[in-house]
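**Student:** Taken in order, these protein sequences are the chains called A and B. Throughout the first sequence, residue numbering follows my numbering, covering 1 to 223 in sequence. Throughout the second sequence, residue numbering follows my numbering, covering 224 to 446 in sequence.
2 protein chains.
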Amino acid sequence: MRLLIARCRVDYAGRLAAVLPEAVRLILIKADGSVCVHADDRAYKPLNWMNPPCTLREEAGPAGERILRVDSPRGEGLTITVSEVLHDSSHDLGVEPGSTKDGVEAELQRLLAEQPEVLGAGLRLIRREHPTAIGPVDLLLRDAVGVVAVEVKRHAGIDGVEQLTRYLELLNRDPILAPVRGVLAAQQVRPQARTLAGERGIACIVVDYAALRDADEPGDRLF
Amino acid sequence: MRLLIARCRVDYAGRLAAVLPEAVRLILIKADGSVCVHADDRAYKPLNWMNPPCTLREEAGPAGERILRVDSPRGEGLTITVSEVLHDSSHDLGVEPGSTKDGVEAELQRLLAEQPEVLGAGLRLIRREHPTAIGPVDLLLRDAVGVVAVEVKRHAGIDGVEQLTRYLELLNRDPILAPVRGVLAAQQVRPQARTLAGERGIACIVVDYAALRDADEPGDRLF
DNA sequence: CCGTAAATGTCGTCG
DNA sequence: CGACGACGTTTACGG
Numbered sequence: 001m002r003l004l005i006a007r008c009r010v011d012y013a014g015r016l017a018a019v020l021p022e023a024v025r026l027i028l029i030k031a032d033g034s035v036c037v038h039a040d041d042r043a044y045k046p047l048n049w050m051n052p053p054c055t056l057r058e059e060a061g062p063a064g065e066r067i068l069r070v071d072s073p074r075g076e077g078l079t080i081t082v083s084e085v086l087h088d089s090s091h092d093l094g095v096e097p098g099s100t101k102d103g104v105e106a107e108l109q110r111l112l113a114e115q116p117e118v119l120g121a122g123l124r125l126i127r128r129e130h131p132t133a134i135g136p137v138d139l140l141l142r143d144a145v146g147v148v149a150v151e152v153k154r155h156a157g158i159d160g161v162e163q164l165t166r167y168l169e170l171l172n173r174d175p176i177l178a179p180v181r182g183v184l185a186a187q188q189v190r191p192q193a194r195t196l197a198g199e200r201g202i203a204c205i206v207v208d209y210a211a212l213r214d215a216d217e218p219g220d221r222l223f
Numbered sequence: 224m225r226l227l228i229a230r231c232r233v234d235y236a237g238r239l240a241a242v243l244p245e246a247v248r249l250i251l252i253k254a255d256g257s258v259c260v261h262a263d264d265r266a267y268k269p270l271n272w273m274n275p276p277c278t279l280r281e282e283a284g285p286a287g288e289r290i291l292r293v294d295s296p297r298g299e300g301l302t303i304t305v306s307e308v309l310h311d312s313s314h315d316l317g318v319e320p321g322s323t324k325d326g327v328e329a330e331l332q333r334l335l336a337e338q339p340e341v342l343g344a345g346l347r348l349i350r351r352e353h354p355t356a357i358g359p360v361d362l363l364l365r366d367a368v369g370v371v372a373v374e375v376k377r378h379a380g381i382d383g384v385e386q387l388t389r390y391l392e393l394l395n396r397d398p399i400l401a402p403v404r405g406v407l408a409a410q411q412v413r414p415q416a417r418t419l420a421g422e423r424g425i426a427c428i429v430v431d432y433a434a435l436r437d438a439d440e441p442g443d444r445l446f
């Protein structure tokens with residue numbers, strides 16, 4: 001990994017065209033050839049970048065300035081014109097062991113599958129990830145009245161309502177299942193989603209992740 | 224901006240839980256307090272990060288190791304346990320002038336507003352960003368037959384069709400405008416979106432950004 | 001400050 | 001390899 005702090009101008013041409021006027025920035029050149037240009041704010045997003053695979057060439061400009069030219073086989077090009085180098089160092093980082101992540105949405109679905117009564121009294125699980133032609137329904141439940149299709153989301157927006165609506169349309173064409181009711185279960189439901197769901201007779205249920213997890217493994221709260 | 228190359232372990236607890244086992248990584252501490260941890264690959268995405276606003280504290284661990292503790296008011300926490308520092312430097316980058324981008328959706332909308340006939344013979348512009356209760360319609364056009372609502376996207380997916388469908392439902396409730404036809408104009412239309420649009424009588428038009436720009440400023444192609 | 005839509009989104013997964 | 005959906009999406013913009 002090479003770290004460059006330099007006064008530079010940056011030109012990107014590819015999926016769009018972007019220009020960064022001259023200023024001091026961090027230029028990060030990674031072992032896989034990828035390059036990104038960072039300002040002194042916004043942790044996550046670089047000002048400009050080039051994803052691997054790409055090739056890096058270093059040239060001398062007409063006025064003696066250094067030009068870094070990064071090209072990708074996709075026809076994208078990033079040109080960094082360096083007028084002043086304030087820092088330049090290289091480092092060997094070795095292998096990255098990778099991270100282990102404990103996802104929330106999958107966990108939420110698992111917990112709701114084990115505690116379906118949270119979504120309504122008398123509800124029992126038929127199956128998780130019920131397959132349909134247009135994709136799997138997160139949870140399929142039933143009670144004395146009939147079948148319920150559940151869409152599980154961490155943050156439910158309009159797209160979640162639309163998704164569930166498409167599933168319900170399809171499921172309700174099956175005379176054995178119909179009528180199927182819809183439930184949108186999420187940690188947070190956006191107002192627009194709540195309104196649209198209301199118009200379509202879909203219930204919105206806000207679920208408490210911590211409470212579900214505590215109910216699943218009561219011992220955890222002791223630590 | 225502070226650059227740290229260090230052997231470290233990273234723990235994130237917040238919207239999910241993630242652990243990075245000990246390895247050598249780049250730790251980037253920016254002027255706005257944000258922190259991100261990068262491996263030697265993947266230009267764009269940090270292994271772990273904390274967005275502003277957040278606060279950074281530096282502590283000494285039980286075995287004398289340095290611990291960077293980053294906390295956000297949203298209840299997220301990032302803990303970096305440093306066992307060995309290989310590089311440590313700070314740099315003043317000054318102000319970032321910001322970038323100018325060309326070729327984003329707004330640009331596409333502007334060009335289509337100036338050349339509506341691209342979307343259909345005889346079409347003329349009524350207005351851009353036509354306001355409705357559920358948000359602005361990108362373009363409202365008319366021809367001899369009636370009114371056309373246009374949703375402009377760079378890449379049109381199902382959500383674009385849904386968005387336009389909502390607008391059409393609303394516009395068609397207005398007896399003065401109705402009947403309003405729908406057009407989805409995009410540089411790329413996903414198959415699923417094309418199918419759904421077809422079912423709903425919405426036309427999909429693939430637009431050529433370069434051609435639109437050339438027609439807008441013919442001189443450009445000479446350079 | 002909240003809500004909404006765009007993004008050079010990026011990243012995994014599955015057909 | 002392409003389509004599709006999730007993401008600790010992040011980021012910008014408007015009420």
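All residues carry an ideal CB built from backbone N, CA and C; glycine is no exception. The structure presented is a predicted model; accordingly, all values stated were derived computationally and were not measured.
When the distance is taken between beta carbons, is R128 (chain A) closer than 9 angstroms to D143 (chain A)?
**Tutor:** Along the first sequence, read from residue 1 onward, the residue named residue 143 (chain A) stands at position 143. Along the first sequence, read from residue 1 onward, the residue named residue 128 (chain A) stands at position 128. No, they are not a contact pair.
**Student:** For a test of the three-state rule: what should DSSP assign to Y390 (chain B), helix, strand or coil?
**Tutor:** Start at 1 with the first residue of the second sequence, and residue 390 (chain B) comes out as number 167. Three-state result, Y390 (chain B): helix.
**Student:** Run the CB neighbour count on H177 (chain B), radius 10 Å, all protein chains shown included, and call it buried at 16 or more, exposed below.
**Tutor:** Any property of residue 177 (chain B) remains undetermined from this structure, which presents chain B solely from 224 to 446.
**Student:** Three-state secondary structure (DSSP) at G135 (chain A)?
**Tutor:** The sequence position of residue 135 (chain A) within the first sequence is 135, counting from 1. If DSSP states are grouped into helix, strand and coil, G135 (chain A) belongs with coil.
**Student:** For the beta strand (DSSP E) that D431 (chain B) lies in, which residues bound it at each end?
**Tutor:** By 1-based counting over the second sequence, the position of residue 431 (chain B) is 208. Note, D431 (chain B): premise wrong, no beta strand (DSSP E); not H, not E.
**Student:** With a threshold of 16 other CB atoms inside 10 Å of the CB of P285 (chain B), please say whether the residue is buried or exposed.
**Tutor:** The residue you call residue 285 (chain B) lines up with position 62 of the second sequence. When all chains shown are included, P285 (chain B) counts as exposed.
**Student:** Please confirm if P52 (chain A) has its CB atom under 9 angstroms from at least one CB of chain B.
**Tutor:** For the purposes of this step, residue 52 (chain A) is taken as the residue at position 52 of the first sequence. Chain B contact via Cβ: present.
**Student:** In this structure, does DSSP put V412 (chain B) in helix, strand or coil?
**Tutor:** Position 189 of the second sequence holds residue 412 (chain B). Here V412 (chain B) sits in strand by DSSP.
**Student:** Excluding the 5 residues preceding and the 5 following L222 (chain A) in the sequence, name in chain order all residues of the same chain whose CB lies nearer than 7 angstroms to its CB.
**Tutor:** For this step, residue 222 (chain A) is matched to residue 222 along the first sequence. Since pLDDT at L222 (chain A) reaches only 43, below the 50 mark, its modelled position is unreliable, and the value read off the structure follows with that caveat. Contacts found: none.
**Student:** Against T309 (chain A), what residues of chain B qualify as contacts under a CB-to-CB distance less than 8 angstroms, listed in chain order?
**Tutor:** Outside the modelled stretch of chain A, which goes from 1 to 223, sits residue 309 (chain A), for which no answer is possible.
**Student:** For V233 (chain B), count neighbouring C-beta atoms within 10 Å of its own C-beta (all shown protein chains included) and say buried if the count is 16 or more, exposed if not.
**Tutor:** Position 10 of the second sequence, counted from the first residue, corresponds to residue 233 (chain B). Buried, by the Cβ-count rule.
**Student:** Where does G11 (chain A) fall in DSSP's three states?
**Tutor:** Within the first sequence, numbered from 1, the residue matching residue 11 (chain A) stands at position 11. The residue you asked about is not Gly; residue 11 (chain A) is Asp in the sequence shown. Note: D11 (chain A) maps to strand in three-state DSSP.
**Student:** In the structure shown, what three-state DSSP assignment does L239 (chain B) receive?
**Tutor:** Start at 1 with the first residue of the second sequence, and residue 239 (chain B) comes out as number 16. The answer is coil: DSSP assigns L239 (chain B) none of H, G, I, E or B.
**Student:** Does G94 (chain A) come within less than 9 angstroms of chain B when only Cβ atoms are used?
**Tutor:** Counting from 1 along the first sequence, the entry for residue 94 (chain A) is found at position 94. So yes, G94 (chain A) belongs to the interface.
**Student:** Where does the unbroken alpha helix (DSSP H) through L56 (chain A) begin, and where does it stop?
**Tutor:** The residue labelled residue 56 (chain A) in the question sits at position 56 within the first sequence. Taken as a continuous stretch (DSSP letters only), L56 (chain A) belongs to no alpha helix (DSSP H), being part of the beta strand (DSSP E) at 55-60.
**Student:** Quick check on the burial criterion: 16 or more other C-beta atoms within 10 angstroms. Buried or exposed for Y209 (chain A)?
**Tutor:** Locating residue 209 (chain A) in the first sequence gives position 209, counting from the first residue. Looking at its Cβ environment, which holds fewer than 16 other Cβ atoms inside 10 Å, Y209 (chain A) is exposed.
**Student:** Whole-angstrom Cβ separation of L16 (chain A) and D325 (chain B), contact assumed at under 8 angstroms?
**Tutor:** Working through the first sequence from its first residue, we reach residue 16 (chain A) at position 16. Working through the second sequence from its first residue, we reach residue 325 (chain B) at position 102. About 6 angstroms separates the two Cβ atoms, so the contact holds.
**Student:** In the structure shown, what three-state DSSP assignment does C71 (chain A) receive?
**Tutor:** Along the first sequence, read from residue 1 onward, the residue named residue 71 (chain A) stands at position 71. Looking at the sequence provided, one finds Asp at residue 71 (chain A) rather than Cys. Strand.
**Student:** Tell me the DSSP secondary structure of A246 (chain B) in three-state form.
**Tutor:** As a first step, residue 246 (chain B) is located in the second sequence; it is residue number 23 there, counting from the start. If DSSP states are grouped into helix, strand and coil, A246 (chain B) belongs with the strands.
**Student:** Could you tell me which chain B residues have their CB closer than 8 angstroms to the CB of C36 (chain A), listed as they occur along the chain?
**Tutor:** As a working note, residue 36 (chain A) is residue 36 in the first sequence. Under the 8 angstroms cutoff, chain B gives A266, Y267.
**Student:** Near L226 (chain B), which residues of its chain fall below 6 angstroms by C-beta distance, leaving aside the five closest residues on each side in sequence?
**Tutor:** Taking the first residue of the second sequence as position 1, residue 226 (chain B) is located at position 3. Hits under 6 angstroms: S312.
**Student:** In the DSSP assignment, find the unbroken beta strand (DSSP E) run with L86 (chain A) in it and report its ends.
**Tutor:** Indexing the first sequence from 1 puts residue 86 (chain A) at position 86. Counting along the chain, the beta strand (DSSP E) containing L86 (chain A) begins and ends at 77-90.
**Student:** Quick check: is the beta carbon of D263 (chain B) nearer than 9 angstroms to any beta carbon in chain A?
**Tutor:** As a working note, residue 263 (chain B) is residue 40 in the second sequence. It does: the Cβ of D263 (chain B) has a partner Cβ on chain A nearer than 9 angstroms.
**Student:** Could you name the residues of chain B that E162 (chain A) contacts, counting a contact when the two beta carbons are closer than 7 angstroms?
**Tutor:** Along the first sequence, read from residue 1 onward, the residue named residue 162 (chain A) stands at position 162. Residues of chain B passing the Cβ test: E385.
**Student:** 9 angstroms is my cut-off, CB to CB: does L47 (chain A) come that close to chain B?
**Tutor:** Indexing the first sequence from 1 puts residue 47 (chain A) at position 47. Cβ-Cβ to chain B under 9 angstroms: yes for L47 (chain A).
**Student:** Applying the criterion that 16 or more other CB atoms from any shown protein chain within 10 Å of the CB defines a buried residue, is A39 (chain A) buried or exposed?
**Tutor:** Here the question's residue 39 (chain A) lines up with position 39 in the first sequence. Buried.
**Student:** Output, in chain order, the set of chain B residues within a Cβ distance shorter than 7 angstroms of A31 (chain A).
**Tutor:** What you label residue 31 (chain A) is simply residue 31 of the first sequence in a count that begins at 1. Within 7 angstroms Cβ-Cβ: D263, D264.
**Student:** Take H130 (chain A) and list the residues in its own chain whose beta-carbon comes closer than 7 angstroms to its own, dropping the five residues that flank it on each side.
**Tutor:** Taking the first sequence and counting its residues from 1, the one referred to as residue 130 (chain A) is at position 130. Taken in chain order, the residues that qualify are P136, V137, L140.
**Student:** Taking Cβ positions, are L78 (chain A) and L93 (chain A) nearer each other than 9 angstroms?
**Tutor:** Taking the first residue of the first sequence as position 1, residue 78 (chain A) is located at position 78. Taking the first residue of the first sequence as position 1, residue 93 (chain A) is located at position 93. Not a contact, by the Cβ cut-off of 9 angstroms.
**Student:** Taking 7 angstroms as the limit between beta carbons, can you name the residues of its chain near R57 (chain A), skipping five residues before and five after?
**Tutor:** Numbered from 1 along the first sequence, position 57 holds the residue referred to as residue 57 (chain A). Contacts found: R69.
**Student:** Are M1 (chain A) and A31 (chain A) close, meaning C-beta to C-beta below 9 angstroms?
**Tutor:** Indexing the first sequence from 1 puts residue 1 (chain A) at position 1. Indexing the first sequence from 1 puts residue 31 (chain A) at position 31. A contact, by the Cβ cut-off of 9 angstroms.
**Student:** By how many angstroms is the C-alpha of A185 (chain A) removed from the C-alpha of Y390 (chain B)?
**Tutor:** The sequence position of residue 390 (chain B) within the second sequence is 167, counting from 1. The sequence position of residue 185 (chain A) within the first sequence is 185, counting from 1. Taking the straight line joining both Cα atoms gives about 26 angstroms.
**Student:** Find the residues of chain A that neighbour S312 (chain B), judging by a C-beta separation of less than 7 angstroms, and give them in chain order.
**Tutor:** Counting from one through the second sequence, the residue named residue 312 (chain B) turns up at place 89. Those are H87, listed as they occur along chain A.
**Student:** The beta strand (DSSP E) that contains A106 (chain A), what's its start and end?
**Tutor:** Here residue 106 (chain A) corresponds to residue number 106 of the first sequence, with the count starting at 1. No beta strand (DSSP E) holds A106 (chain A); the alpha helix (DSSP H) holding it covers 105-114.
**Student:** Could you check which residue in A:I5, A:E65, A:G64, A:G14 has the C-alpha nearest to that of V37 (chain A)?
**Tutor:** For the purposes of this step, residue 37 (chain A) is taken as residue 37 along the first sequence, with counting starting at 1. Per the Cα distances, A:I5.
**Student:** Pick from A:Q188, A:V95, A:L28: whose alpha carbon is nearest that of K268 (chain B)?
**Tutor:** Along the second sequence, one-based indexing puts residue 268 (chain B) at 45. Considering only alpha carbons, the answer is A:L28.
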